[in-house]
Amino acid sequence: MLQGARHVHIAALQRAADECDIEIEVHELRKASDLAAADPHAIVLPGGESTTMRLTGNHDTSRLLPALFEWIRSDSSRPVLGTCAGAILLADPRDGGDPLVDADIDRNAYGRQADSFQSTLEATILGRDFPGVFIRAPRFESHSESATVAAMHGEEVVGVRTGNRLALTFHPELSSDTGFHRWLLETAAGAGS
Numbered sequence: 002m003l004q005g006a007r008h009v010h011i012a013a014l015q016r017a018a019d020e021c022d023i024e025i026e027v028h029e030l031r032k033a034s035d036l037a038a039a040d041p042h043a044i045v046l047p048g049g050e051s052t053t054m055r056l057t058g059n060h061d062t063s064r065l066l067p068a069l070f071e072w073i074r075s076d077s078s079r080p081v082l083g084t085c086a087g088a089i090l091l092a093d094p095r096d097g098g099d100p101l102v103d104a105d106i107d108r109n110a111y112g113r114q115a116d117s118f119q120s121t122l123e124a125t126i127l128g129r130d131f132p133g134v135f136i137r138a139p140r141f142e143s144h145s146e147s148a149t150v151a152a153m154h155g156e157e158v159v160g161v162r163t164g165n166r167l168a169l170t171f172h173p174e175l176s177s178d179t180g181f182h183r184w185l186l187e188t189a190a191g192a193g194s
């Protein structure tokens with residue numbers, strides 16, 4: 002809840018939970034203490050402005066990002082969905098530790114706000130097409146062999162998965178299709194059983 006498309010993600014998570022009949026409780030994380038109190042089963046790192054998220058999340062009054070990155074690294078089975086700016090944070094956490102997904106990313110590589118677009122994607126992780134929404138999107142420059150391609154836009158990789166960490170350069174929360182949010186919830190439910 003530092004900045005960005007967080008409320009739209011909450012709505013998408015609620016729709017996905019209803020569709021797959023999984024009961025969820027959403028916790029809005031702003032500080033490291035919120036993360037400790039919530040003890041979540043999964044995390045969404047929303048789109049927005051990665052620089053603002055870094056400034057806010059690393060500030061002494063929050064310290065959410067260091068706590069969150071430690072939480073993610075401490076258990077590779079924990080599902081994480083990072084979209085747009087969230088994908089940037091996963092690929093380039095800038096905290097002195099290893100990247101959280103095995104890919105290199107370039108901020109705002111698709112251009113300015115005016116260059117935003119929608120396009121049908123091949124969501125390989127879902128096994129079907131998905132309506133992608135790109136807004137000042139980053140671009141994966143490369144990914145290692147340990148990363149699984151999760152989504153393609155033509156010949157370009159727009160989603161990578163390392164373990165249960167999924168980084169998408171687009172905004173699935175802006176689509177009526179809850180496929181990626183269902184993936185997060187179903188993966189969390191499976192990891193908890």
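In the numbering used here, the protein residues as written are 2 to 194. Every residue, glycine too, gets a C-beta built ideally from N, C-alpha and C.
Original post:
Between which two residues does the alpha helix (DSSP H) containing G160 stretch?
Top reply: From DSSP, G160 is part of no alpha helix (DSSP H) but of the beta strand (DSSP E) over 157–163.
Original post:
To which residues of the same chain is P80 closer than 6 Å at the C-beta, ignoring the five residues directly before and after it?
Top reply: In chain order, A43, N165, L185, T188, A189 place their CB closer than 6 Å to the CB of P80, counting only its own chain and leaving out the 5 sequence neighbours on each side.
Original post:
Can you name the start and end residues of the beta strand (DSSP E) that I44 belongs to?
Top reply: It spans 44–46 - the beta strand (DSSP E) in which I44 sits, taken as one unbroken run.
Original post:
In chain order, which alpha helix (DSSP H) runs of at least 4 residues are fully inside the stretch 65–129?
Top reply: Complete alpha helix (DSSP H) runs here, min 4: 65–75, 86–92.
Subject >> Neighbourhood of S194 by C-beta distance below 8 Å, restricted to the same chain and skipping five residues each side >> reply: Note on S194: pLDDT 43, under 50, position unreliable in the model; the coordinate value appears next. Residues of the same chain with a CB within less than 8 Å of the CB of S194, apart from the 5 flanking positions on each side, do not exist.
Subject >> Proximity of D22 and H28 at Cβ, strictly below 8 Å >> reply: No, they are not a contact pair.
**OP:** Output the distance between the C-alpha atoms of A18 and H144, rounded to the nearest integer angstrom.
**Re:** Going by the C-alpha atoms only, they are around 31 Å apart.
Original post:
Under the DSSP definition of a beta bridge, which residues are partnered with H1?
Top reply: This structure leaves residue 1 out entirely; the chain is present only between 2 and 194.
**OP:** Measure the alpha-carbon distance for H172 versus V134 and round it to whole angstroms.
**Re:** Separation of H172 and V134 (C-alpha to C-alpha, rounded to the nearest whole angstrom) is 5 Å.
Original post:
What do you reckon, are the CB atoms on A12 and A68 nearer than 8 Å?
Top reply: Cβ atoms of A12 and A68: not closer than 8 Å.
Original post:
Which ranges would you report for the beta strand (DSSP E) in the stretch 6–63 if only whole runs of at least 3 residues count?
Top reply: Fully enclosed beta strand (DSSP E) runs of 3 or longer: 44–46.
**OP:** Let me know the secondary structure DSSP gives A189 once reduced to three states.
**Re:** Of the three classes helix, strand and coil, the one that applies to A189 here is helix, per DSSP.
Original post:
Quick one: is F181 buried, meaning 16 or more other Cβ sit within 10 Å of its Cβ, or exposed?
Top reply: Flag for F181 reads buried.
Original post:
Going straight from the alpha carbon of H1 to that of R129, what length do you get?
Top reply: With the chain running from 2 to 194 in the structure shown, residue 1 is simply not present.
Original post:
For P132, which option in A6, T121, D105 has the closest C-alpha, if you only look at C-alpha atoms?
Top reply: Ranked by Cα distance from P132, the options A6, T121, D105 are led by T121.
Original post:
With C-beta atoms as the reference, is I126 less than 8 Å away from A152?
Top reply: A distance below 8 Å separates the beta carbons of I126 and A152.
Original post:
Roughly how many whole angstroms lie between the Cα atoms of N59 and L66?
Top reply: Cα to Cα, N59 sits roughly 6 Å from L66.
Original post:
Based on the DSSP output, what are the partners of L167 in its beta bridges?
Top reply: Answer by DSSP bridge pairing, in chain order: L82, R162.
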